[in-house]
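Novice: Following our numbering, the numbering of the sequence shown begins with 6 at its first residue and continues without gaps.
Every residue, glycine too, gets a C-beta built ideally from N, C-alpha and C.
Got a structure for you, written out below as structure tokens; questions coming shortly.
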Amino acid sequence: MDSEQLRAFQQDGYVIVRQLFDPEEMRGLLAHAKGDRQLASESYVRKDGEGAETRLALRNDLDDESPYTAVVRSQRVAGAMAELLGDEVYHYHHKMMLKEPRVGGAWEWHQDYGYWYNFGCLFPDMASCLIAVDRATRENGCLQVLPGSHRLGRVDHGKAGEQVGADPQRVEAALARFPLVYCELEPGDAIFFHANLLHRSDRNLSEHPRWSLICCYNTKHNDPIISGGRHPNYSPLEIWDDRRVHDLLVASQAP
Ligand SMILES: O=C(O)CCC(=O)C(=O)O
């Protein structure tokens, strides 16, 4: 991360890095993910506030060789995350969001720390990196963010359909104070975002899928105060250099 990117992350709570993964690498990840029956069978549905279904597959563990593991362990993502958060980071979990054409439901306004606080994380020193697997546009329900909203601190969260959303009164006040940005991404583009950034996404009403891989990290100094929680406690993350990650992604195929 250069100083401008670090400044953007601190000021806005997010930074977009174009072509963090090149087209050849993304083709490998895409071919693997779309043919991954295990991923499809592990995936589950979360209804949004209006009952539309959005599907995701979440994993707390890393396997040996999958392209998902390569992305999570990559210097490009995990190394950048450590720079943004100012400490060693470890893998908290990762998830594939499967927003299918015409059915992919919305995500309500929320902060990830609105959830993670309840899993014993004392500090909001956590962040995620969303990598666009498919193209993400306004039409297929790309991520929306309120730049600067991470400075609100943690907002209370409550039930919104089967999801958990931020306090609507606070969200309304935030909407009046911060600009709303639609994060349109090409495959391989990535957005790093702070755990307190307010974000949401619309339903996918288009003909195009919108899959994305979201890798979530916690910092070493923020090891959850409870163990056996929803996501893992600290353990060192082995980081892979770009060449190794590149070779593995490019060689990936449908499993
Ligand atoms: O990718 C999306 O549509 C939203 C995902 C999201 O809000 C999250 O995983 O916290």
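If you draw a straight line from the alpha carbon of D207 to that of A195, how long is it in whole angstroms?
Specialist: For the purposes of this step, residue 207 is taken as the residue at position 202 of the sequence shown. For the purposes of this step, residue 195 is taken as the residue at position 190 of the sequence shown. Rounded to the nearest angstrom, the two C-alpha atoms are 19 angstroms apart.
Novice: How would you call L185, buried or exposed, if buried means at least 16 neighbouring beta carbons within 10 angstroms?
Specialist: The sequence position of residue 185 within the sequence shown is 180, counting from 1. With fewer than 16 other CB atoms across the displayed protein chains lying within 10 angstroms of its CB, L185 is exposed.
Novice: Within this structure, are the beta carbons of I244 and S133 separated by less than 8 angstroms?
Specialist: Here residue 244 refers to the residue found at position 239 when the sequence shown is read from its first residue. Here residue 133 refers to the residue found at position 128 when the sequence shown is read from its first residue. No, these two residues do not count as a Cβ contact at 8 angstroms.
Novice: For my contact list, H236 and L148 are in at a C-beta cut-off of 8 angstroms; report their separation, rounded to the angstrom.
Specialist: Position 231 of the sequence shown, counted from the start, is the residue given in the question as residue 236. Position 143 of the sequence shown, counted from the start, is the residue given in the question as residue 148. The Cβ separation is near 21 angstroms, so there is no contact.
Novice: According to DSSP, what are the bridge partners of A165?
Specialist: Numbered from 1 along the sequence shown, position 160 holds the residue referred to as residue 165. A165 is bridged to Q168.
Novice: Between which two residues does the alpha helix (DSSP H) harbouring F198 extend?
Specialist: The count along the sequence shown starts at 1 and reaches residue 198 at position 193. That residue, F198, is in no alpha helix (DSSP H); its beta strand (DSSP E) goes A195 to H199.
Novice: When the Cα of G125 is compared with those of Q116, Q10, P260 and G234, which residue comes out closest?
Specialist: Here the question's residue 125 lines up with position 120 in the sequence shown. For the residues Q116, Q10, P260 and G234, the minimum Cα distance to G125 belongs to G234.
Novice: Are the CB atoms of L67 and T74 nearer to each other than 8 angstroms?
Specialist: In the sequence shown, the residue the question calls residue 67 occupies position 62. In the sequence shown, the residue the question calls residue 74 occupies position 69. Taking 8 angstroms as the Cβ cut-off, L67 and T74 qualify as a contacting pair.
Novice: For M131, report the span of its beta strand (DSSP E) as first-last.
Specialist: Within the sequence shown, numbered from 1, the residue matching residue 131 stands at position 126. M131 -> beta strand (DSSP E) spans M131 to A137.
Novice: Thinking C-alpha only, which one of L190, R143, S211 and H155 is nearest L135?
Specialist: On the sequence shown, residue 135 is found 130 positions in, with the first residue counted as 1. Nearest to L135 by alpha-carbon distance, out of L190, R143, S211 and H155, is L190.
Novice: From the DSSP output, in three-state form, read off L63 for me.
Specialist: On the sequence shown, residue 63 is found 58 positions in, with the first residue counted as 1. Correct three-state label for L63: strand.
Novice: Pairing CB atoms from the stretch 43-59 with CB atoms from the stretch 103-120, are three or more of them under 8 angstroms?
Specialist: yes
Novice: I need the straight-line Cα distance from Q80 to H115, nearest angstrom please.
Specialist: Counting from 1 along the sequence shown, the entry for residue 80 is found at position 75. Counting from 1 along the sequence shown, the entry for residue 115 is found at position 110. Cα to Cα, Q80 sits roughly 28 angstroms from H115.
Novice: In terms of residue numbering, what span does the alpha helix (DSSP H) encompassing Y49 cover?
Specialist: The sequence position of residue 49 within the sequence shown is 44, counting from 1. Taken as a continuous stretch (DSSP letters only), Y49 belongs to no alpha helix (DSSP H), being part of the beta strand (DSSP E) at Y49 to K52.
Novice: DSSP state of E243, grouped into three classes?
Specialist: Counting from one through the sequence shown, the residue named residue 243 turns up at place 238. In the structure shown, E243 sits in coil (DSSP, three-state: anything other than H, G, I, E or B).
Novice: For S154, which residues from the same chain have a beta carbon less than 7 angstroms from its beta carbon, with the 5 sequence-adjacent residues on both sides left out?
Specialist: Counting from one through the sequence shown, the residue named residue 154 turns up at place 149. The residues are G18, A179, F183, L202 and L203.
Novice: Go through its chain and collect everything with a Cβ distance to D172's Cβ below 6 angstroms, but skip five positions before and after it.
Specialist: Against the sequence shown, residue 172 aligns to sequence position 167. For D172, where only same-chain residues beyond five positions count, the Cβ hits under 6 angstroms are V160 and D161.
Novice: Hey, how far is the Cα of G170 from the Cα of N209?
Specialist: Here the question's residue 170 lines up with position 165 in the sequence shown. Here the question's residue 209 lines up with position 204 in the sequence shown. If I take the Cα positions, the gap works out to 19 angstroms.
Novice: Please confirm whether any heavy atom of ligand 1 lies closer than 7 angstroms to the CB of H204.
Specialist: Sequence index remark: in the sequence shown, residue 204 carries index 199 (1-based). Placement of the Cβ of H204 at a distance of less than 7 angstroms from at least one heavy atom of ligand 1 is found.
Novice: Does Y122 pass the burial test, meaning 16 or more other C-beta atoms within 10 Å, or should it be called exposed?
Specialist: Position 117 of the sequence shown holds residue 122. Its Cβ being crowded by 16 or more others within 10 Å, Y122 is buried.
Novice: Would you say M6 reaches chain B, if we count a Cβ-Cβ gap shorter than 8 angstroms as a contact?
Specialist: Reference to chain B is not applicable here, since this structure consists of a single protein chain.
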